[in-house]
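Count the sequence shown with my numbering and you get residues 1 to 472, in order.
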Amino acid sequence: MDTTENNFRDRIGTMNDEGKRAWVYPKKPQGRLYRYRTVLTWFLLIFLIASPFIHINGNQFMLFNVLGREFNIFGQPFWPQDFYIGVTAMIIGVLFITLFTSAFGRIFCGWICPQTIFMEMVFRKIEYWVEGDRGAQIRLDKQEWNNEKIRKKGFKWFLFFLISFGIANVFLAYLVGSKRLLQYITEGPLENLSTFIALLIFTGVFYFIFSWFREQVCTIACPYGRLQSVLLDKKSVVVAYDHKRGERDLGRSKFKKNEDRQELGKGDCIDCSQCVHVCPTGIDIRNGTQLECINCTACIDACDDMMEKVDLPKGLIGFYSEENIEKEEKMKFNPRMKGFAAILFVLVGILSGMLFLRSDVEATVLRLPGQLYETHENDIISNVYTFKLINKTTGSFEDVHFKLLSHNGSIESVTHERIVVPGKGLAEGTLFIEIPRTLIKNEKNNVEIGIYSGEKLIETTSTNFMGPRSFR
Ligand code: SF4
Ligand code: SF4
1 MDTTENNFRD RIGTMNDEGK RAWVYPKKPQ GRLYRYRTVL TWFLLIFLIA SPFIHINGNQ
61 FMLFNVLGRE FNIFGQPFWP QDFYIGVTAM IIGVLFITLF TSAFGRIFCG WICPQTIFME
121 MVFRKIEYWV EGDRGAQIRL DKQEWNNEKI RKKGFKWFLF FLISFGIANV FLAYLVGSKR
181 LLQYITEGPL ENLSTFIALL IFTGVFYFIF SWFREQVCTI ACPYGRLQSV LLDKKSVVVA
241 YDHKRGERDL GRSKFKKNED RQELGKGDCI DCSQCVHVCP TGIDIRNGTQ LECINCTACI
301 DACDDMMEKV DLPKGLIGFY SEENIEKEEK MKFNPRMKGF AAILFVLVGI LSGMLFLRSD
361 VEATVLRLPG QLYETHENDI ISNVYTFKLI NKTTGSFEDV HFKLLSHNGS IESVTHERIV
421 VPGKGLAEGT LFIEIPRTLI KNEKNNVEIG IYSGEKLIET TSTNFMGPRS FR
């Protein structure tokens, strides 16, 4: 790939002069940051793979069963009725991403995104293991289809398929539940043909992405990647090349022993192209911040390694904002970053509060449509209602009954003597509320109802109570 031309402005890094795809052969990264990424990857992969197979109080740790309308997050069951939490989480998520990216750049992509983790830390490592490093891979691709190429490519693709199949199974465990998945496996594919076909389709999609589509997910398809140009500004800290130091007056040039580059006006960049060779999206970071950069930091490690070899200070590529480079200052936790971090902290606090303080029971009491009030002996007014109680926990609520909290009246279920709401289940029925006429002030009155299990108040709700118009 030609990196000397100024063509990075008109096309993505993985396109050649004919407009065709230029295959990226990134050099195997190594260095301090890559070691940190590897440790984080292990943690994230274990979390990702183990989450659907861990159960807490009978609940799958993470479950997103859209068709069955069952959702568990950190072992807590959520219902479609908790949809408002999902919407709030999405709004907070968008705000979080916007603020985080403005302050800290696209670090999520290189270090946490599942696409990068699987591509760079799983599939790419297999490729290095089977085919060798960058040079060996280029040679292998150029050579004719002999025994060595068939063996290596065949073995690599076989491993890619197995891992894609494994990922598809984990994906299915998130969607239908790991218990159901294990049941499918023991029953065999013929008993569950449609699920098995869906599994093979997922496998095919993952295989296609990781064996062929690869970095194009980040550079072409991902909407977050496309948003970078509006989210970043001069103060955003990103992986950047210190062009002031790298170029100086005379620009970059090859390394020569025993010369004082600074005195001669030469930049510290020795034009070794290691930062380009190691880049998984095929760009040259010396051209400035580009949409394709996923902030994986592989170029920082590569350049630091070269700087060490030629006895120049490290950090020619590092975490800098444009302002840091212009003012020739180190990256520091500036007031804007502190402000954004504080807002992000509050947003996460709000979401955590909503997740963990939501009630175990959801109660709805609604007046029966089309029914007016009735007047009984002793001037008692009654209204009829339907009720629905949803138990969001795995244990059942026994001996459930209602009490009128706001008025001195009575409330009775006409469909149940004693209500039991099973774990992850619901109870529905009809009830009457009776209130003496003297206590009713308006035609439409708000009444507070307590829902008790035994003596324990498990939820409160409110509803309307209709009275005679003459009492307005
Ligand atoms: S330019 Fe550097 S940080 Fe950006 S994708 Fe390439 S190697 Fe990773
Ligand atoms: S690795 Fe560093 S020294 Fe080598 S070309 Fe890149 S920026 Fe220049």
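A virtual CB, placed ideally from N, CA and C, is assigned to each residue, including glycine.
Tell me, please, which residues DSSP counts as bridged to residue i.
{"i": "residue 367", "result": "385"}
{"i": "residue 463", "result": "447"}
{"i": "residue 376", "result": "380"}
{"i": "residue 433", "result": "383 and 411"}
{"i": "residue 287", "result": "In DSSP, residue 287 forms no bridge with anything."}
{"i": "residue 403", "result": "450"}
{"i": "residue 15", "result": "21"}
{"i": "residue 343", "result": "Paired residue(s): none; residue 343 is not in a bridge."}
{"i": "residue 362", "result": "390"}
{"i": "residue 428", "result": "388"}
So what does DSSP say about residue i, is it helix, strand or coil?
{"i": "residue 398", "result": "strand"}
{"i": "residue 239", "result": "strand"}
{"i": "residue 334", "result": "coil"}
{"i": "residue 319", "result": "strand"}
{"i": "residue 453", "result": "strand"}
{"i": "residue 24", "result": "coil"}
{"i": "residue 416", "result": "coil"}
{"i": "residue 215", "result": "coil"}
{"i": "residue 72", "result": "strand"}
{"i": "residue 468", "result": "coil"}
{"i": "residue 250", "result": "coil"}
{"i": "residue 1", "result": "Its pLDDT being 43, under 50, residue 1 is placed unreliably in this model, and the coordinates cannot settle the point."}
{"i": "residue 324", "result": "helix"}
{"i": "residue 458", "result": "strand"}
{"i": "residue 60", "result": "strand"}
Span of the alpha helix (DSSP H) holding residue i?
{"i": "residue 521", "result": "In the structure displayed, the chain extends from 1 to 472; residue 521 sits before or after that span and is not available."}
{"i": "residue 153", "result": "147-176"}
{"i": "residue 210", "result": "Careful: residue 210 lies outside any alpha helix (DSSP H) and carries neither H nor E."}
{"i": "residue 109", "result": "107-111"}
{"i": "residue 307", "result": "298-309"}
{"i": "residue 275", "result": "274-277"}
{"i": "residue 357", "result": "Looking at the DSSP string, residue 357 is not in any alpha helix (DSSP H), and its letter there is neither H nor E."}
{"i": "residue 49", "result": "32-50"}
{"i": "residue 231", "result": "228-231"}
{"i": "residue 141", "result": "134-142"}
{"i": "residue 91", "result": "83-104"}
{"i": "residue 264", "result": "261-264"}
{"i": "residue 123", "result": "Here residue 123 belongs to no alpha helix (DSSP H), and DSSP marks it neither H nor E."}
{"i": "residue 114", "result": "114-118"}
What whole-angstrom Cβ distance do residue i and residue j have, given they're in contact under 8 angstroms?
{"i": "residue 30", "j": "residue 301", "result": "7 angstroms"}
{"i": "residue 373", "j": "residue 380", "result": "Actually they are not in contact, since the Cβ atoms of residue 373 and residue 380 sit about 10 angstroms apart, beyond 8 angstroms."}
{"i": "residue 210", "j": "residue 119", "result": "6 angstroms"}
{"i": "residue 420", "j": "residue 398", "result": "6 angstroms"}
{"i": "residue 51", "j": "residue 64", "result": "Between residue 64 and residue 51 the Cβ distance is about 11 angstroms, and since that is not below 8 angstroms, they are no contact."}
{"i": "residue 299", "j": "residue 278", "result": "6 angstroms"}
{"i": "residue 198", "j": "residue 53", "result": "That pair is no contact at about 20 angstroms."}
{"i": "residue 462", "j": "residue 449", "result": "7 angstroms"}
{"i": "residue 58", "j": "residue 460", "result": "So it is not a contact: roughly 27 angstroms between Cβ atoms."}
{"i": "residue 235", "j": "residue 336", "result": "6 angstroms"}
Please report the residue range of the beta strand (DSSP E) in which residue i lies.
{"i": "residue 76", "result": "76-78"}
{"i": "residue 421", "result": "419-421"}
Measuring CA to CA, which of the options is closest to residue i?
{"i": "residue 107", "options": "362, 396, 295 and 265", "result": "295"}
{"i": "residue 96", "options": "351, 427 and 328", "result": "351"}
{"i": "residue 464", "options": "418, 438, 369 and 425", "result": "369"}
{"i": "residue 297", "options": "315, 179, 309 and 146", "result": "315"}
{"i": "residue 270", "options": "306, 241, 258 and 290", "result": "306"}
{"i": "residue 319", "options": "447, 335 and 285", "result": "285"}
{"i": "residue 246", "options": "326, 237 and 225", "result": "326"}
{"i": "residue 474", "options": "367, 365, 360 and 412", "result": "The question about residue 474 has no answer here: the residues shown for the chain are numbered 1 through 472."}
{"i": "residue 346", "options": "47, 68, 58 and 93", "result": "93"}
{"i": "residue 219", "options": "40, 281 and 341", "result": "281"}
{"i": "residue 112", "options": "200, 322, 164 and 37", "result": "37"}
{"i": "residue 242", "options": "57, 192 and 323", "result": "323"}
{"i": "residue 430", "options": "447, 416, 339 and 461", "result": "416"}
{"i": "residue 304", "options": "19, 274 and 321", "result": "274"}
{"i": "residue 428", "options": "193, 126, 439 and 401", "result": "401"}
{"i": "residue 259", "options": "251, 310, 180 and 235", "result": "310"}
{"i": "residue 132", "options": "182, 254 and 148", "result": "148"}
Any chance the CB of residue i is under 7 angstroms from a heavy atom of ligand 3?
{"i": "residue 141", "result": "Among the ligands modelled here, namely ligand 1 and ligand 2, ligand 3 does not occur."}
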